[in-house]
Each structure stands twice: as C-alpha cells, then as structure tokens.
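Visitor:
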Amino acid sequence: MSSSSPRSTGDTPEPTPGLTRFNTADDTTARAALHEVCASRSWASKVLAQRPYATTDALFAAGDAAMAELTAEDLAEAMAGHPPIGRPKPGDPTSHREQSGMSGASEALKAEMLELNLAYQEKFGHVFLICASGRTGEQMRDAVRNRIDNTPEQEREIVRGELGKINRIRLTRIAHAEGDAA
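Residues in the sequence shown are numbered consecutively from 94, following our numbering.
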C-alpha cells in the first residue's frame with residue numbers, strides 16, 4: 094500500500110485532525126485540554142510528555158498507563174474534578190452530558206441518590222465516581238448501593254477503573270474534535 098505522507102505506513106492510520114491539533118498545541122493549551130479530561134496534574138503531565146501521538150489508540154494507552162501509576166493523592170485530585178452524580182456542575186456541558194441518565198429521574202430517585210452520595214462520601218471521603226455515560230439513574234443508584242460496602246482499597250481500584258473509562262471518552266472528544274480546540 095502506498096503512503097500519502099511519511100507518517101502513514103498503511104498499517105497505522107493517520108492522526109485525526111483533533112489529535113493533530115492536540116499534538117501540535119503549545120504545552121499550556123494541551124495541558125488545559127488534558128485538565129478537562131482529568132483533574133490530576135500528574136496524569137496530565139505524563140500524557141503531555143509523550144506527545145506526539147500517532148493514533149487515538151496510542152493516546153488511550155498513554156492515558157491508561159498514566160492512570161495506573163497515580164498515587165492515592167493523585168486519585169483524590171482527579172476525583173475532586175468530578176461533581177456528585179445527580180448534581181452536575183452548573184454551566185458544564187460535559188458533566189451534564191455524562192450524567193444525562195439522571196436528568197429524567199424522578200424526584201424520589203434524585204433524593205435517594207443525594208442520600209446515597211452523602212453516605213458514600215462520608216464513608217470514603219470523596220464523591221461516588223462512576224462512568225455515568227449511557228447509564229440510567231436507576232443503574233447509577235444500584236451501583237452506589239453495591240459499592241458502598243466495599244473496603245476503601247477495593248473502592249480506590251474501582252474508582253481508578255471508572256476514571257480510566259471517563260478519560261477515554263473525553264480523550265476521544267479531543268482526538269475527534271472539529272475546529273480549533275485542542
């Protein structure tokens with residue numbers, strides 16, 4: 094297969110326009126984009142340090158590797174960037190989109206989620222974190238009910254996995270962004 098540029102090998106697809114913008118953005122702009130993905134400064138630094146990325150999969154792999162290396166303090170910093178389920182940040186379209194399963198929830202379910210969120214936060218010292226994209230309010234409620242009996246160690250690793258899923262969704266938006274945004 095012939096290649097149209099030196100970076101194309103036939104086996105490796107060309108970077109998407111969004112990924113190219115991310116790869117070529119100045120460090121401040123790229124770091125700000127990564128902060129929108131994950132609030133951990135350590136995670137962002139590790140992902141930023143490996144630019145440029147040839148593919149979205151390479152970006153995912155770097156994000157996953159950086160997530161695996163986060164300390165408990167780094168995870169706490171990452172979680173601090175997430176609002177409680179059912180209470181997305183005002184004016185934050187990402188939180189609203191990701192938590193859309195709660196938007197049509199009954200007032201009773203919203204009240205139950207508030208109680209469960211508070212009980213979870215009291216036990217673990219941080220918000221209940223789940224990759225909410227595509228989940229209904231009932232599914233999120235059931236998840237917090239199931240996870241509240243976990244040990245802090247079990248929950249920390251579950252949270253690490255959920256953050257990784259959220260990060261991949263958000264990294265996909267960067268890699269496939271149209272226009273001028275990194």
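Each residue gets a CB set at the ideal place from its N, CA and C atoms; glycine is no exception. Please read all numbers here as calculations on a predicted model, not as lab measurements.
Would Asn260 be called buried (16 or more neighbouring beta carbons within 10 Å of its own) or exposed?
Guide: The residue is buried, with at least 16 neighbouring Cβ atoms inside 10 Å.
Visitor: What's the gap between the Cα of Glu208 and the Cα of Leu141?
Guide: Each residue's Cα considered, the two are about 38 Å apart.
Visitor: I need the DSSP call for Tyr213, collapsed to helix, strand or coil.
Guide: Reduced to three states, the DSSP call for Tyr213 is helix.
Visitor: In this structure, does DSSP put Ser96 in helix, strand or coil?
Guide: Confidence at Ser96 is low in this model, with a pLDDT of 36, below 50, so the placement of that residue should be treated as unreliable; the coordinate-derived value is given next. Looking at Ser96 - three-state DSSP - the assignment turns out to be coil, as it is neither helix nor strand.
Visitor: Is it buried or exposed, Asn239, if we count other Cβ atoms within 10 angstroms and call 16 or more buried?
Guide: Looking at its Cβ environment, which holds fewer than 16 other Cβ atoms inside 10 Å, Asn239 is exposed.
Visitor: How is the alpha helix (DSSP H) around Gln247 delimited, first residue to last?
Guide: Its alpha helix (DSSP H) spans residues Pro245 to Ala268.
Visitor: Between Glu129 and Arg263, which are expected to be in contact by the criterion C-beta below 8 Å, what is the C-beta distance as a whole number of angstroms?
Guide: Right, their Cβ atoms sit about 7 Å apart.
Visitor: Could you name the residues of the same chain whose beta carbon sits closer than 6 Å to that of Lys258, not counting the 5 residues immediately before and after it, in chain order?
Guide: Cys224, listed in sequence order.
Visitor: Classify Met94: buried if its beta carbon has 16 or more other beta carbons within 10 angstroms, exposed otherwise.
Guide: Residue confidence is low: Met94 scores 36 on pLDDT, short of 50, so the model does not pin down where it sits. No coordinate-derived value is stated.
Visitor: Quick check on Ala151: does DSSP put it in helix, strand or coil?
Guide: Residue state, collapsed to three classes: helix.
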